[in-house]
Amino acid sequence: GAVVSQHPSRVICKSGTSVKIECRSLDFQATTMFWYRQFPKQSLMLMATSNEGSKATYEQGVEKDKFLINHASLTLSTLTVTSAHPEDSSFYICSGTLEETQYFGPGTRLLVL
Amino acid sequence: QKEVEQNSGPLSVPEGAIASLNCTYSDRGSQSFFWYRQYSGKSPELIMFIYSNGDKEDGRFTAQLNKASQYVSLLIRDSQPSDSATYLCAVNDNAGNMLTFGGGTRLMVKP
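Protein sequences, first through last, are from chains X and Z.
Using this note's numbering, the letters of the first sequence map in sequence onto residues 85 to 197.
Using this note's numbering, the letters of the second sequence map in sequence onto residues 280 to 390.
Okay, structure coming up:
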């Protein structure tokens, strides 16, 4: 149980385009989902907390207008990287919470050319 | 500022040995503690969690918690090369399910 999926697993895009990443809890309902970013050889960095039916809470330094988060249902949260630039290239990982435990999706590797 | 500290390693152990991974945390109000394993290029996967002082065993893994010392550890018995990964300690204060992660300890198990 407690499986989280992400789509796509890998995306390459041109600078200036927008990219949407989906995060789904497959066998449980996740009231809260989290979005993380991880650069090579660095720790996980929390970007935002996503609660179903309400606005996301962003961590300090994360631009809410650039990283749009929508949590429309208890099983789906989306992260849209708007006007992506090469410095946004990273590994984006979501997690869903079940009984106070976070379960991570497999991650989405974004490369912006 | 809540902090979770881990030795970055690498911690190198021979195959079959016990690997001991340590973690300290700053927030005395922390309630639940998690160990995740992250292989290179992959996302973290949950190994186990612990809420109460003492030991909790699951197969080859044992988590140990000492809230008075603000210390949590993970022991891996009979270490295998496939255990080579980065181990992340995470702490939850139960106020919104947010986790504070340590920087991770890289474990290398040599055949």
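We put the CB at the ideal spot given by N, CA and C, even for glycine.
The model shown is predicted, which means the values in this text are computed figures rather than measured ones.
Beta strand (DSSP E) segment containing residue i, residue limits
i	result
K335(Z)	G333 to D337
M377(Z)	Here M377(Z) belongs to no beta strand (DSSP E), and DSSP marks it neither H nor E.
S134(X)	M129 to N135
E184(X)	It is not in any beta strand (DSSP E) - E184(X) carries neither H nor E in the DSSP assignment.
S157(X)	F151 to S157
F123(X)	Note, F123(X): premise wrong, no beta strand (DSSP E); not H, not E.
N345(Z)	F340 to N345
Q317(Z)	S311 to Q317
V146(X)	Careful: V146(X) lies outside any beta strand (DSSP E) and carries neither H nor E.
R108(X)	V103 to S109
F328(Z)	E324 to I329
R94(X)	R94 to C97
DSSP three-state assignment for residue i, whether helix, strand or coil
i	result
S361(Z)	helix
P170(X)	helix
V87(X)	coil
R385(Z)	strand
N371(Z)	strand
I297(Z)	coil
S291(Z)	strand
T162(X)	strand
T192(X)	strand
L354(Z)	strand
E284(Z)	strand
T115(X)	coil
Within-8 Å CB hit, residue i to chain X
i	result
M377(Z)	yes
N345(Z)	no
P323(Z)	yes
F340(Z)	no
F328(Z)	yes
F312(Z)	no
G308(Z)	no
Short CB-CB distance (under 8 Å) between residue i and chain Z
i	result
I96(X)	no
F188(X)	yes
E136(X)	no
G145(X)	no
I105(X)	no
G100(X)	no
I153(X)	no
S127(X)	yes
G191(X)	yes
T159(X)	no
E171(X)	no
Residue of the options minimising C-alpha distance to residue i
i	options	result
G146(X)	W119(X), N135(X) and F112(X)	For the record, residue 146(X) in the displayed sequence is Val; it is not Gly. Measuring from the Cα of V146(X), the nearest candidate turns out to be W119(X).
P289(Z)	Q280(Z), A296(Z) and L300(Z)	L300(Z)
D306(Z)	E294(Z), A364(Z) and E282(Z)	E282(Z)
P390(Z)	N345(Z), V292(Z), Y366(Z) and Y318(Z)	V292(Z)
D210(X)	T116(X), P92(X) and K139(X)	What is shown of chain X runs 85 to 197, which leaves residue 210(X) out entirely.
I329(Z)	V351(Z), L378(Z) and C302(Z)	V351(Z)
A132(X)	H155(X), P124(X) and F123(X)	H155(X)
Whole-angstrom C-beta distance between residue j and residue i, which should lie under 8 Å
i	j	result
V388(Z)	A298(Z)	7 Å
Near the ligand MG: residue i beta-carbon under 7 Å from a heavy atom
i	result
L194(X)	This structure does not include the ligand MG; it has no bound ligands of any sort.
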